[in-house]
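Trainee:
2 protein chains.
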Amino acid sequence: MESKLYQNTKKTPPRSSKKFMNFPMVPRVVFGKGSFNQLGDILMPKRVHSEAPFIFLVDDVFENSGLERKIPLIFNDQIIFVSAEEEPKTYQVDALVNKIKKDFSEPPSGIVGIGGGTLLDLAKAVSILLTNSGCAADYQGWDLVGKPSIYHVGIPTISGTGAEVSRTTVLLGPERKLGINSDYTTFDQVVLDPELLNNVPKDQWFYTGMDCFIHCIESLNGTYLNAFSQSYGEKALELCKEVYLGDLSESESREKLMMASWHGGMSIAYSQVGVAHAMSYGLGFVLGVKHGMGNCLVFQHLSEFYPEGVCLFNRMKEKHGIEFPTGVCAGLTDAELDTMISIALSLEPLWENALGKNWKNIITPGKLKAIYKKI
Amino acid sequence: MESKLYQNTKKTPPRSSKKFMNFPMVPRVVFGKGSFNQLGDILMPKRVHSEAPFIFLVDDVFENSGLERKIPLIFNDQIIFVSAEEEPKTYQVDALVNKIKKDFSEPPSGIVGIGGGTLLDLAKAVSILLTNSGCAADYQGWDLVGKPSIYHVGIPTISGTGAEVSRTTVLLGPERKLGINSDYTTFDQVVLDPELLNNVPKDQWFYTGMDCFIHCIESLNGTYLNAFSQSYGEKALELCKEVYLGDLSESESREKLMMASWHGGMSIAYSQVGVAHAMSYGLGFVLGVKHGMGNCLVFQHLSEFYPEGVCLFNRMKEKHGIEFPTGVCAGLTDAELDTMISIALSLEPLWENALGKNWKNIITPGKLKAIYKKI
């Protein structure tokens, strides 16, 4: 999810000043198999009164599932099922906020997001827009959110994006795909229950986990890195290796992937992603390729920049028999390719992190075109 | 610092129930060389009004130092220098709270602890006792604190204890040495500035760092471990190895030790310490041996329980030419030895974590006496 941290910014984060970010961490976290069962107890003291509901935004794959039945509904709480087939959009956020405002005379006690990165990002954005006027697109950028969001809880059911710990929510807006990066974005509470990862389809498990793997490689090989981000990134990378190349039980594998995503999300606090994410964004913008897969499609061709990372990546892909689509860029016109390239190149902080201040001497439109054509 | 997590508890934490702790994390952290300079900006929005001061509890080794001059005093803020020669005590907390209440007509805006584990623990406890009536000793135990503490900031100047992230503050009380374990104990803000570690004396650097190393070994080899604590403990251990056995620059070494302490503190969230801490507590109670050194004195003789850990530990000790005192227990009477042993054995959760439910079949008073006599 952090992939778009610096994309087409309205306001770019300060890089050259000596001011360090006062990073907002998730203030409460429960970890454990079955910890989802504690959700009712966790929410109870946060209920403002009986007319102020909790709104559960839930991935629609869980409709009529065992998980749905375990959601601790009381009073006038509401479940809203949302498809995660596509990346989350600003208009979706606005529609959800309008629906909640229409359905209830009182502001909700809080928002609970249950799902992967898409659902978690929607929950974060809705909680911001319930207290900040205007539209979601108004807040895409850095630190544009003026008022605290309402209480919001993140419960991942698929791991890798790091959305559960990050201070961004990446949304496709009318003009750009960009995060709402703010101190009020971070969840107030996270519930990490590895059992919720039980039935993730294999492809999704791979692509989402590789989001973590790739942003660790990019962050650890970047020029922005400091010891804080490095320690989290190294641990996340090590856990990814255990999960995708090791010989773990399924239960252990789920637990470790959950922690990889957690630490991987933290590793972006003081660092940045790189070449794969920049190019993946071009791919997503022109072709609508989803984030996790887009990263993979690009990353396989980046051995020039990340030789060891790509080597590991290929081993992981082979071990799990994952087949990537081919010929993805085959039918593109030159104009479309040029759009992709210019979008990728516009993400200057990613390139600077990846290749240093003189990145423009290293990367050229022709080089990017050659890579895209391989995809 | 976590060493005393389960010592002589008034109320023991639930271990057998399936409820997982909803762990309170530090909600704000700044990391970076020179980040201490941002303290004024960080505190400004937390100032209640000009009559509500910030109280800075500072290790007295910094009196008349460059650090003292950088403390951002305004209005009627106050610096109180405190010696860290001895472990923090409940009566010290009460005296500090009384002084603050006497000196100021208004409650402070917050407390800032600057120092090692002792100062950080005092800052945590004072912030609790400023809003909760009675004496510090009333709150030693688990979850006895009823009201939120005032805003408090932790700024470590020596790393290893993990006090900067833990939810305990370990105090020597009139009857026992025990932590105030509560959700309100955790700092609201931590500033991690590796430059503050510049002038730590070598012995103290070793003993405090070994607090982290030893609690990682105990936690990772314990029966209570889960994947959350394991991931933090493994990273902390790896960083300890780099710092104490690797070939880092001084600057890199300070940064990595700071992160080792941070992750090591987090690793205790869902785990527990073990044999060294249990026995060290007996040593501290009878002889007043300080926490970090006490752990080391015991740990060197625990190769039966932690063979790999003790091997690594001995290499670290040799590499840095650290000499431990010998004959520490030589002059003890049998009655004193018995007191040590019974105190150590009373810490049941530590033994259960270390050796499993049947620990009483493995560890005997005679065995402990033999180990103590080697010290």
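Quick note, the sequences are listed as chains A and B, same order. Sequence positions in the first sequence follow the working numbering and run 1 to 375. Sequence positions in the second sequence follow the working numbering and run 1001 to 1375. Note that the Cβ used here is the ideal one computed from N, Cα and C, for glycine as well.
(1) Within a Cβ cutoff of 6 Å, which residues of the same chain sit near glycine 282(A), ignoring the five residues on either side of it in sequence?
(2) Are there three or more Cβ pairs, one per stretch, closer than 8 Å when the stretch 142-162 of chain A is compared with the stretch 195-214 of chain A?
(3) Name the DSSP beta bridge partners of leucine 1192(B), please?
(4) What ranges does the beta strand (DSSP E) occupy inside the stretch 1022-1106 of chain B, keeping only unbroken runs of at least 3 residues that lie completely in it?
(5) Could you tell me the alpha carbon to alpha carbon distance between asparagine 353(A) and alanine 276(A), rounded to whole angstroms?
(6) Write down the C-beta distance between isoleucine 42(A) and glutamine 189(A) rounded to the nearest angstrom, noting that I regard them as a contact closer than 8 Å.
(7) Which residues in the same chain have their Cβ closer than 7 Å to the Cβ of cysteine 1296(B), if we skip the five residues on either side of it in sequence?
(8) Helix, strand or coil: which one does DSSP assign to isoleucine 1217(B)?
(9) State the Cα-Cα distance for the pair valine 1170(B) and alanine 1236(B), rounded to the nearest angstrom.
(10) Check valine 1289(B) in the structure and name its three-state DSSP category.
(11) Hey, out of Ala1260(B), Tyr1232(B), Glu1234(B) and Val1030(B), whose CA is closest to tyrosine 1244(B)'s CA?
(12) Do serine 1267(B) and serine 1219(B) have their CB atoms nearer than 8 Å?
(13) Please confirm whether valine 153(A) and glycine 116(A) have their CB atoms less than 8 Å apart.
(14) Would you grab the beta carbon distance between glutamate 87(A) and leucine 172(A) for me? Rounded to a whole angstrom, and I think it's under 8 Å.
(15) Within 10 Å of its beta-carbon, does isoleucine 375(A) have 16 or more other beta-carbons around it, so buried, or fewer, so exposed?
(16) Check whether the stretch 251-265 of chain A and the stretch 171-185 of chain A touch, using three or more Cβ-Cβ pairs below 8 Å as the test.
(17) Would you check if the distance between the CB atom of phenylalanine 1062(B) and the CB atom of leucine 1192(B) is smaller than 8 Å?
(18) What does histidine 1152(B) pair with, by DSSP beta-bridge criteria?
(19) Could you round the C-beta distance between isoleucine 1114(B) and phenylalanine 1054(B) to whole angstroms and report it? I think they count as a contact, below 8 Å.
(20) Going by C-alpha distance, which of Val58(A), Glu242(A), His291(A) and Lys290(A) is nearest arginine 315(A)?
(21) Output the distance between the C-alpha atoms of lysine 99(A) and threonine 168(A), rounded to the nearest integer angstrom.
(22) Can you pull out the residues from the stretch 1022-1044 of chain B whose beta carbon lies closer than 9 Å to at least one beta carbon of chain A?
(23) Name, please, each residue of chain A whose Cβ falls closer than 9 Å to the Cβ of methionine 1259(B).
(24) My assumption, with CB atoms under 8 Å, is that leucine 96(A) sits in contact with isoleucine 80(A). Please give the rounded CB distance.
(25) Quick one: is lysine 357(A) buried, meaning 16 or more other Cβ sit within 10 Å of its Cβ, or exposed?
(26) Nearest to serine 253(A) by alpha carbon, out of Trp205(A), Val29(A) and Leu355(A)?
(27) Measure how close the beta-carbons of tyrosine 270(A) and asparagine 226(A) come, nearest whole angstrom, since I'm counting them as under 8 Å.
(28) Is it buried or exposed, methionine 1044(B), if we count other Cβ atoms within 10 angstroms and call 16 or more buried?
(29) Along the beta strand (DSSP E) that carries glycine 179(A), what are the first and last residues, could you check?
(30) Taking the straight line between their C-alpha atoms, what separation do you get for isoleucine 1217(B) and glycine 1309(B)?
(31) Please list the partners that leucine 1239(B) has in chain A, where partner means a Cβ-to-Cβ separation under 7 Å.
(32) Grouping DSSP H, G and I as helix and E and B as strand, with all else coil, what is threonine 1208(B)?
(33) Identify which residue in Gly1246(B), Gly1321(B), Val1328(B) and Lys1317(B) has its Cα closest to the Cα of glycine 1284(B).
(34) According to DSSP, valine 1170(B) sits in a beta bridge with which residue or residues?
(35) Would you mind stating whether glutamate 106(A) and glutamate 51(A) have Cβ atoms separated by less than 8 Å?
(36) With distance defined between alpha-carbon atoms, name the residue in Ser35(A), Ser182(A) and Leu368(A) nearest to histidine 301(A).
Mentor: Concretely, from the data shown:
(1) Same-chain partners within the cutoff: Met340, Ile343 and Ala344.
(2) yes
(3) Phe1031(B)
(4) Qualifying beta strand (DSSP E) stretches, in chain order: 1022-1024, 1028-1031, 1054-1059 and 1078-1082.
(5) 12 Å
(6) 6 Å
(7) Tyr1207, Met1210 and Phe1324
(8) Isoleucine 1217(B): helix per DSSP, three-state reduction.
(9) In a straight line, the C-alpha of valine 1170(B) is about 21 Å away from that of alanine 1236(B).
(10) It is coil, neither helix nor strand.
(11) Ala1260(B)
(12) Yes.
(13) no
(14) 5 Å
(15) buried
(16) no
(17) no
(18) Ile1111(B)
(19) 11 Å between Cβ atoms; not a contact.
(20) Glu242(A)
(21) As the crow flies, the alpha-carbon of lysine 99(A) is around 23 Å from that of threonine 168(A).
(22) Asn1022, Phe1023, Pro1024, Met1025, Val1026, Pro1027, Arg1028, Val1029, Val1030, Phe1031, Gly1032, Lys1033, Gly1034, Ser1035, Asn1037, Gln1038, Asp1041 and Ile1042
(23) Ala227, Phe228, Gln230, Ser231 and Tyr232
(24) Between isoleucine 80(A) and leucine 96(A) the Cβ distance is about 7 Å, and since that is below 8 Å, they are a contact.
(25) exposed
(26) Trp205(A)
(27) 5 Å
(28) With fewer than 16 Cβ atoms within 10 Å of its Cβ, methionine 1044(B) is classed as exposed.
(29) 177-181
(30) 6 Å
(31) Residues of chain A passing the Cβ test: Ser231.
(32) helix
(33) Val1328(B)
(34) Gly1179(B)
(35) In this structure, the beta-carbon distance from glutamate 106(A) to glutamate 51(A) falls below 8 Å.
(36) Leu368(A)
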